[in-house]
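Asker: Okay, so the sequence shown: first residue is 33 according to the numbering used here, each after it adds one. A single structure is presented below for examination.
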Amino acid sequence: MKVKDIHQGVVYNPLQKMTAKWVDTDHNLVVLAPTSSGKTIVAEQFLCKAIMEGKRGLYLSPYKSITQEKLTGWSDLDISKAAITSDHLKHPRSITERLVLMTTEALDSRTRGAHSWLEDVGVVIVDEADLLAAAGRGDAIEVGLTRFARQNKCRIVMLSATIPNAGELGAWLTILNGRPTKVIKTDWRPVRQEHYLVIAPNKEWSFDNKVYEVVERLRFDNPDRQILVFVHSIYKGKELSRRLGCPFHYSKLSADQRHNIEDGYKAKRISVLVATSTLAYGVNLPADIGVICGAHRGITDVDPRQIKQMAGRIGRYGLNEMGEIHYVFKQYHAQEMWQACHAVPDVKSVLSKRLYFHVCSFVAREGMTVSDMEHFLSKSLASLQGDVGLHGAIETLCRYGILHRDGDTLTKTSLARASALMYVDPIDLYHVKKNLADKPKSPTLIAMALADIPSLAYDTYVPSADDLVQMPYGFQTLLATALKQWLNGEEVREGFASVLYTYIADCERLISALRIAGMSRSYLDALSIMLENGVPEDLTALVSIPHIGRKRALVLREFGIKTPDDIVKNERKGVNILGKQVYQAAKLHIMHSKGGSKLVAVF
33 MKVKDIHQGV
43 VYNPLQKMTA
53 KWVDTDHNLV
63 VLAPTSSGKT
73 IVAEQFLCKA
83 IMEGKRGLYL
93 SPYKSITQEK
103 LTGWSDLDIS
113 KAAITSDHLK
123 HPRSITERLV
133 LMTTEALDSR
143 TRGAHSWLED
153 VGVVIVDEAD
163 LLAAAGRGDA
173 IEVGLTRFAR
183 QNKCRIVMLS
193 ATIPNAGELG
203 AWLTILNGRP
213 TKVIKTDWRP
223 VRQEHYLVIA
233 PNKEWSFDNK
243 VYEVVERLRF
253 DNPDRQILVF
263 VHSIYKGKEL
273 SRRLGCPFHY
283 SKLSADQRHN
293 IEDGYKAKRI
303 SVLVATSTLA
313 YGVNLPADIG
323 VICGAHRGIT
333 DVDPRQIKQM
343 AGRIGRYGLN
353 EMGEIHYVFK
363 QYHAQEMWQA
373 CHAVPDVKSV
383 LSKRLYFHVC
393 SFVAREGMTV
403 SDMEHFLSKS
413 LASLQGDVGL
423 HGAIETLCRY
433 GILHRDGDTL
443 TKTSLARASA
453 LMYVDPIDLY
463 HVKKNLADKP
473 KSPTLIAMAL
483 ADIPSLAYDT
493 YVPSADDLVQ
503 MPYGFQTLLA
513 TALKQWLNGE
523 EVREGFASVL
533 YTYIADCERL
543 ISALRIAGMS
553 RSYLDALSIM
563 LENGVPEDLT
573 ALVSIPHIGR
583 KRALVLREFG
593 IKTPDDIVKN
603 ERKGVNILGK
613 QVYQAAKLHI
623 MHSKGGSKLV
633 AVF
């Protein structure tokens, strides 16, 4: 399909008619419209305009899954196109395509230094722009756009369903590229929605049971309708999908696994699908009925914008006139969250919360001076909305010895370099390195070392327990206790698990940063195995054997088998515990490892 024919025969809806009037102007746009109102076609209007003028179109999205889906959706266009999602490759490939789809983190990385591909970009589309306010993600969007606009003053089009202060964001775009900005807002959506509040018990297991009951009742009452169930953690999603006997869609699946689930859902072979927030942003899988399971991730509240985004996925244009959304909230904050979801707060910069990292990145990867940073940050959304706090951040980093200052010049250390390369907070990295300096092996000491970092120092409710690891702050106590239970091979207490698994996922990057910062590789390798598998140090050799995980290793230890040599020497016990096939595969692996080569048996 030729680019100029992409909308041939398409009848624009009210939103698309409004935006079409601005295609031939030089204005930036901030477009506010409900989810499923046709913003993809709006993006195409401006991308195709730039491409037909011989320029490059750049589409930014917050998630890899959205980037890949858009690439598939535009696969018929007769132009070169590519999805760029790797944000910290050592040798990123050059970009020559006319249509470039990129994650916001990749933009942050790919705009450092002089890049010729930036000069040809004719328009930047920022999808889900409300994520500028998202912790851990919004700062990458803000810094990436600010850096991009230093090298190219092309127009920027922001798309979102939830930006109450759109005028302020429009003013920021004008600061970035000097172009006037038009805000277009509409409440039009093709399918009406009905919203229902379900108040659930506060206890975690009672809440989970209530969610299960709600979904089962909806499935029984609506056998011909598809139900999308949103959860806020992978742990919760796995448990709920197991109980419901349905698939679970989340970011850690392989691309093929996600596509198989999506294809099955689109073909209506799947009637109930559990998903995380990844599915709420951009991936086109609308449902007849939606269930939003709570407003908390671990012990923290979920941003109301994210909940509203999930709700926006419900309703099928052309198939029904009404979509149903059921919000299952805990009793203690049900009314508060219900109101928050219908009165979304302004989008505020989160750059100051990640400024230590960005200062290290500016120095380690771009060689910026203090004056360079002052000028750069003067163009940021954070600067427009208040004081960025640059000089305080520099002073703190120098006090910790992470950076060294000589007048206007800053010099990086190994900690600053590790922080910049692995996208971790340098102050947290400093404390973890210090806490692990003596290479503790005890699960309790490791748990305390990993939990005792500044970003986790805040109070929260901690369930009563006999074996709490006492820390200065509530969240640190919660996490340290969960880590100790996990590393001891124990069952993680109810209410602690979701906090634990989220943190363990982040630890992989933290440990990689510690390697770059010069810590002992052998110690960190063992620590990584302990954290990944949930075992103490004496079982790391067992769980490193193919087909032997946490549960099997713990059972083997109960019967006196603690090392690979013990497995070889105790064949009868090994076969009884592992089964004949697994035992033979394990023994084969051990024998070949001793011989200097590795062989993984496949069965």
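Heads up, the beta-carbon is just placed ideally off N, CA and C, and yes, glycines get one too.
Just curious, the alpha helix (DSSP H) that Tyr91 is in, first and last residue?
Answerer: Note, Tyr91: premise wrong, no alpha helix (DSSP H); beta strand (DSSP E) at 88-93.
Asker: Do the CB positions of Gly521 and Leu586 come within less than 7 angstroms of each other?
Answerer: yes
Asker: Quick check on the DSSP output: what are the complete alpha helix (DSSP H) runs of length 4 or more inside the stretch 453-529, in order along the chain?
Answerer: 458-467, 475-483, 506-519
Asker: What are the boundary residues of the beta strand (DSSP E) that Glu137 is part of?
Answerer: That residue, Glu137, is in no beta strand (DSSP E); its alpha helix (DSSP H) goes 136-142.
Asker: What do you get for Trp237, buried or exposed, if any count of 16 or more other CB atoms within 10 angstroms of its CB means buried?
Answerer: exposed
Asker: If you draw a straight line from the C-alpha of Cys9 to the C-alpha of Asp159, how long is it?
Answerer: The requested residue 9 does not occur in the structure, where the chain is confined to residues 33 to 635.
Asker: My output table needs one value for Gly355: the three-state DSSP class, helix, strand or coil.
Answerer: The answer is strand: DSSP assigns Gly355 an E or B state.
Asker: Count the other C-beta atoms from every protein chain shown that fall within 10 angstroms of the C-beta of His407, then say buried if there are 16 or more, exposed otherwise.
Answerer: Per the 10 Å Cβ criterion, exposed.
Asker: When burial is assigned at 16 or more other CB atoms within 10 Å of the CB, is Asp219 buried or exposed?
Answerer: Looking at its Cβ environment, which holds fewer than 16 other Cβ atoms inside 10 Å, Asp219 is exposed.
Asker: List the whole-angstrom C-beta distance separating Leu383 from Ser412, where the pair is believed to meet the contact cut-off of C-beta under 8 angstroms.
Answerer: Rounded, the Cβ-Cβ distance is 6 angstroms, consistent with contact.
Asker: Exposed or buried, which one is Leu121 when buried takes at least 16 other CB atoms within 10 Å?
Answerer: Since pLDDT at Leu121 reaches only 49, below the 50 mark, its modelled position is unreliable, and the value read off the structure follows with that caveat. Exposed, because fewer than 16 other Cβ atoms sit within 10 Å of the Cβ of Leu121.
Asker: Please name the residue, chosen from Pro318, Arg329, Asn352, that lies closest to Gln341 on a Cα-to-Cα basis.
Answerer: Nearest of Pro318, Arg329, Asn352 to Gln341, Cα basis: Pro318.
Asker: Where do the N-terminal and C-terminal ends of the beta strand (DSSP E) with Met190 fall, by residue?
Answerer: 187-192
Asker: With DSSP as the reference, label Ala161 as helix, strand or coil.
Answerer: helix
Asker: Taking the straight line between their C-alpha atoms, what separation do you get for Gly421 and Asn565?
Answerer: 40 angstroms
Asker: Relative to the alpha-carbon of Leu442, which residue among Pro46, Ser403, Leu461, Asp320 has its alpha-carbon at the smallest distance?
Answerer: Ser403
Asker: Going along the chain, which residues of its own chain have a beta-carbon closer than 7 angstroms to the beta-carbon of Asp570, five neighbours each way excluded?
Answerer: Lys594
Asker: Give me the Cα-Cα distance between Gly202 and His579, rounded to the nearest whole angstrom.
Answerer: 55 angstroms
Asker: Compute the distance between the beta-carbons of Met623 and Ala545, then report whether it is under 7 angstroms.
Answerer: no
Asker: How do the stretch 51-70 and the stretch 104-112 stand: do at least 3 beta-carbon pairs fall below 8 angstroms, yes or no?
Answerer: no
Asker: Pull up the CB-CB distance for Ile116 and Val132, whole angstroms please, since I reckon it's below 8 angstroms.
Answerer: The beta carbons of Ile116 and Val132 sit about 6 angstroms from each other, so the pair counts as a contact at 8 angstroms.
Asker: To the nearest whole angstrom, what separates the beta carbons of Phe528 and Leu510, a pair I think is in contact under 8 angstroms?
Answerer: 6 angstroms
Asker: What is the residue span of the beta strand (DSSP E) that Gln225 lies within?
Answerer: 224-232
Asker: Which same chain residues end up closer than 6 angstroms to Ala633 when comparing Cβ atoms and leaving out the 5 residues on each side of it in sequence?
Answerer: Note that Ala633 scores a pLDDT of 38, beneath 50, so its modelled location is shaky; the value from the coordinates is reported in the next line. If you ignore the 5 residues before and after Ala633, its C-beta comes within less than 6 angstroms of the C-beta of Ala617, Leu620, all in its own chain and listed in chain order.
Asker: Which value, in whole angstroms, describes the spacing of the CA atoms of Asp335 and Pro596?
Answerer: 47 angstroms
Asker: Do the CB positions of Glu356 and Glu226 come within less than 7 angstroms of each other?
Answerer: yes
Asker: Since Leu187 and Asn60 should fall inside the 8 angstroms C-beta cutoff, what is the C-beta to C-beta distance between them, to a whole number of angstroms?
Answerer: For the sequence presented, residue 187 should be read as Arg rather than Leu. Their Cβ separation, rounded to whole angstroms, is 5 angstroms, which keeps Arg187 and Asn60 in contact under 8 angstroms.
Asker: Return the residue from the list Ser69, Gln613, Lys34 that minimises the CA-CA distance to Tyr44.
Answerer: Ser69
Asker: Buried or exposed, going by whether 16 or more other CB atoms sit within 10 Å of the CB of Pro46?
Answerer: exposed
Asker: Measure the CB-CB distance between Tyr432 and Tyr462 and report whether it falls below 7 angstroms.
Answerer: yes
Asker: Could you work out which residue in Thr332, Asp288, Val456, Glu200 is closest to Glu418 when comparing CA atoms only?
Answerer: Looking at the sequence shown, residue 418 is not Glu but Gly. For Gly418, the nearest C-alpha among the options comes from Glu200.
Asker: Based on DSSP bridge pairs, tell me the residues matched to Val531.
Answerer: Val531 is not bridged to any residue.
Asker: Could you have a look at His407 and say whether DSSP puts it in helix, strand or coil?
Answerer: helix
Asker: What residues in its chain sit with their C-beta under 6 angstroms from that of Ser283, if we drop five residues either side in the sequence?
Answerer: Thr310
Asker: If you draw a straight line from the alpha carbon of Ser581 to that of Leu574, how long is it in whole angstroms?
Answerer: Here the sequence assigns Gly to residue 581, which means Ser is not the residue at that position. One C-alpha to the other measures close to 8 angstroms.
Asker: Helix, strand or coil for Ala319, going by three-state DSSP, please let me know.
Answerer: strand
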